[in-house]
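*Asks:* Going left to right, the sequence shown walks through residues -23 to -1, 1 to 87 as mature numbering (1 follows the signal peptide of the UniProt record, and there is no 0) numbers them.
For each residue, glycine too, the CB sits at the ideal point set by N, CA and C.
Predicted model, so just to flag it, every value in this text is computed and none were measured.
Got a structure for you, written out below as structure tokens; questions coming shortly.
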Amino acid sequence: MTNLKTFAVVAATVLATATSASAYNAFPFGETFEQTDQLQLDFVRAEGAGTVEVYDYANGQRGALLGSKDVRSGVTSNVKVNLGLGANSDILAVLNVGGNEVLIKDLDRR
């Protein structure tokens, strides 16, 4: 019985930790973006040092990497990702922390 209780406590702790870690990561923008040569984010909140990567996103398919910007653990303010010539379609913003994609957001071009 003690092993079962221990297992239940460990499982609950792991589940709570995983949920809070994934809930920590954030991009502060809506569903659309202006078509420019740069995507500007007021801030990015990340559970660890990582990278914001922006991809072309057409017909529900991830395309070429348009640009990326390093972010630190915690909150990084005023994050600007250069997109080269700009996105010709919708884009996909991805927060990559420790080699894992922890947050993915698709944005529609205005």
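Short of 8 Å in beta carbon distance, which residues of its chain neighbour valine 31, apart from the five on each side in sequence? Order them along the chain.
*Replies:* Position 54 of the sequence shown holds residue 31. These residues qualify, in order along the chain: Leu16, Leu42, Leu43, Gly44, Ser45, Val58, Leu60, Ala64, Ile68, Leu69, Ala70, Val71.
*Asks:* Would the beta-carbon of residue 102 fall within 8 Å of that of arginine 22?
*Replies:* Absent from the model: residue 102. The displayed extent of the chain is -23 to 87, so no value can be given.
*Asks:* Is it right to say glutamate 11 is buried, meaning 16 or more other beta carbons lie within 10 angstroms of its own, or is it exposed?
*Replies:* Working through the sequence shown from its first residue, we reach residue 11 at position 34. Exposed.
*Asks:* Looking at the secondary structure, which residues open and close the beta strand (DSSP E) in which glutamine 38 lies?
*Replies:* Mapped onto the sequence shown, residue 38 falls at position 61. Segment 38 to 48, the beta strand (DSSP E) holding glutamine 38.
*Asks:* Can you pull the DSSP bridge partners for leucine 72?
*Replies:* Mapped onto the sequence shown, residue 72 falls at position 95. Paired residue(s): Val29, Leu80.
*Asks:* Buried or exposed for glycine 27, please, with buried defined as at least 16 other CB atoms from any protein chain shown within 10 angstroms of its CB.
*Replies:* As a first step, residue 27 must be located in the sequence shown, where it is residue number 50. Classification for glycine 27: buried.
*Asks:* So, is glutamate 24 buried or exposed, given that buried needs 16 or more other C-beta atoms within 10 angstroms?
*Replies:* As a working mapping, residue 24 is identified with position 47 in the sequence shown. Glutamate 24 should be labelled buried.
*Asks:* Taking only the alpha-carbon atoms, compute the straight-line gap between arginine 49 and alanine 3 and give it to the nearest angstrom.
*Replies:* For the purposes of this step, residue 49 is taken as residue 72 along the sequence shown, with counting starting at 1. For the purposes of this step, residue 3 is taken as residue 26 along the sequence shown, with counting starting at 1. Computed Cα separation, rounded: 13 Å.
*Asks:* Using the C-alpha atoms, what's the distance from valine 29 back to glycine 75?
*Replies:* Position 98 of the sequence shown, counted from the first residue, corresponds to residue 75. Position 52 of the sequence shown, counted from the first residue, corresponds to residue 29. Going by the C-alpha atoms only, they are around 12 Å apart.
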